[in-house]
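Residue numbers (our numbering): 26 to 334. All C-beta atoms, glycine included, are put in the ideal place defined by N, C-alpha and C. Below is one structure, written out as structure tokens; the observations come after it.
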């Protein structure tokens, strides 16, 4: 059995290609990295990697996290610029006893030492978007998630039973330089324990970190919940508390994957697309909330539709 799941339609091509490698006996780690790199290198996807959403100073600062479910070891880079593949850098940091989470120039220096190419991750399109936004930008205005999509998160299970989770993002559009969200933080943006399952989150990182939502989803699977029920329970438990504290639900979506290859997704949005590939299924699916707090999964995307936005 193998399975791989990714957030948003932008993960479709990468997840589909990685699934073919998994079917041939490829590793979960290679699958996660390859699927995410497909998004990082495509400037069409404005919230990850090349052409990512700029910060307030016009620079593109990238975050990425990687976790091996067998060892519970992680690697992460925070607020790094000019690194062509943050997920490759995060994966190479995984396995260290210390210094496995690096930020800024230290992360860039590590990438160079490992032979990861540097490049200016700004594009003319991203800079034009930035210039237009700055014409009306107010320093006190709240920032919002899901402007031009968000974090790419990928969870994978290989035929040997290994599990891995990974994330990559440019973070909030017009964030303060140095701001770090949930995506590189284990337990919040991603978590993976081969014994119980894997999870990852996308949305407003400041809220996701308040609920440590990826760990909470895996904890729910450890307690015996299905992947789908774990995603729902983790999200709804936090959202209920957040509504009490803040008066609103926020913008958060979760994906989950069990050691048996079952998957789940939950969202506070009207609709949340994600990609799933298993031996029996390669689809873009959609999840949306129901009135009772559970989630409906809709299969409306035919197989083999190319590279949707």
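Rounded to whole angstroms, how far is the Cβ of residue 179 from the Cβ of residue 40, which I believe are closer than 8 Å?
-> Between residue 40 and residue 179 the Cβ distance is about 7 Å, and since that is below 8 Å, they are a contact.
Given residue 164, which residues of its chain have a CB within under 6 Å of its CB, disregarding the five upstream and five downstream residues?
-> Nothing meets the Cβ criterion.
Rounded straight-line distance, which links the Cα of residue 199 to that of residue 114 | Straight-line Cα distance between these residues: approximately 24 Å.
Starting from the C-beta of residue 80, find all residues in its chain whose C-beta is less than 6 Å away, skip the five residues before and the five after it, and write them out in chain order.
-> Taken in chain order, the residues that qualify are 86, 200, 202.
With distances taken between CB atoms, is the gap from residue 263 to residue 238 smaller than 8 Å?
-> The Cβ atoms of residue 263 and residue 238 sit closer than 8 Å to each other.
In its own chain, which residues sit with a C-beta less than 7 Å from the C-beta of residue 306, not counting the 5 before and 5 after it?
-> Around residue 306, the same chain offers no residue with a beta carbon nearer than 7 Å, after the five sequence neighbours per side are excluded.
Rounded separation between residue 50 and residue 157 - CA only | Going by the C-alpha atoms only, they are around 47 Å apart.
What separation, rounded to the nearest whole angstrom, lies between the Cα atoms of residue 60 and residue 227?
-> Inter-residue distance for residue 60 and residue 227 is about 16 Å (C-alpha atoms, whole angstroms).
Measure the C-alpha to C-alpha separation of residue 284 and residue 93 and round it to an integer number of angstroms.
-> Counting only the Cα atoms, residue 93 lies some 13 Å from residue 284.
Candidates 261, 212, 64, 26: which alpha carbon is nearest residue 317's?
-> With distances taken between Cα atoms, residue 317 lies closest to 261.
Please classify residue 147: does DSSP put it in a helix, a strand, or coil?
-> The answer is coil: DSSP assigns residue 147 none of H, G, I, E or B.
Own chain, CB closer than 6 Å to residue 175, minus 5 neighbours either side, in chain order = Taken in chain order, the residues that qualify are 72, 227.
Give the single residue among 64, 151, 83 whose Cα lies nearest to the Cα of residue 192.
-> Residue 192 has its Cα closest to that of 64, out of 64, 151, 83.
Skipping 5 residues on each side, what residues in its chain have a beta carbon closer than 6 Å to that of residue 181?
-> Here the set comprises 29, 53, 56, 57, 189.
May I ask whether a heavy atom of the ligand MN can be found less than 7 Å away from the beta carbon of residue 223?
-> As presented, the structure is devoid of all ligands, the ligand MN included, so that no description of it is given.
Where does the unbroken alpha helix (DSSP H) through residue 269 begin, and where does it stop?
-> It spans 252-271 - the alpha helix (DSSP H) in which residue 269 sits, taken as one unbroken run.
Proximity of residue 68 and residue 78 at Cβ, strictly below 8 Å = Judged by their CB atoms, residue 68 and residue 78 are not nearer to each other than the 8 Å cut-off.
Keeping to the same chain, check which residues put their C-beta closer than 8 Å to that of residue 46; ignore five residues upstream and five downstream.
-> The beta carbon of residue 46 lies closer than 8 Å to those of 55, 56, 59 in the same chain, with the five residues before and after it left out.
Residues bridged to residue 128 by DSSP?
-> DSSP, once it has assigned bridges, lists 103 as partnering residue 128.
Neighbour-count burial assignment, residue 295, 16 or more Cβ in a 10 Å radius | The residue in question, residue 295, is exposed, as its Cβ has fewer than 16 Cβ neighbours within 10 Å.
Member of 107, 98, 117, 315 whose CA lies at the smallest distance from the CA of residue 215 | Each of 107, 98, 117, 315 was checked against the Cα of residue 215, and the nearest Cα belongs to 98.
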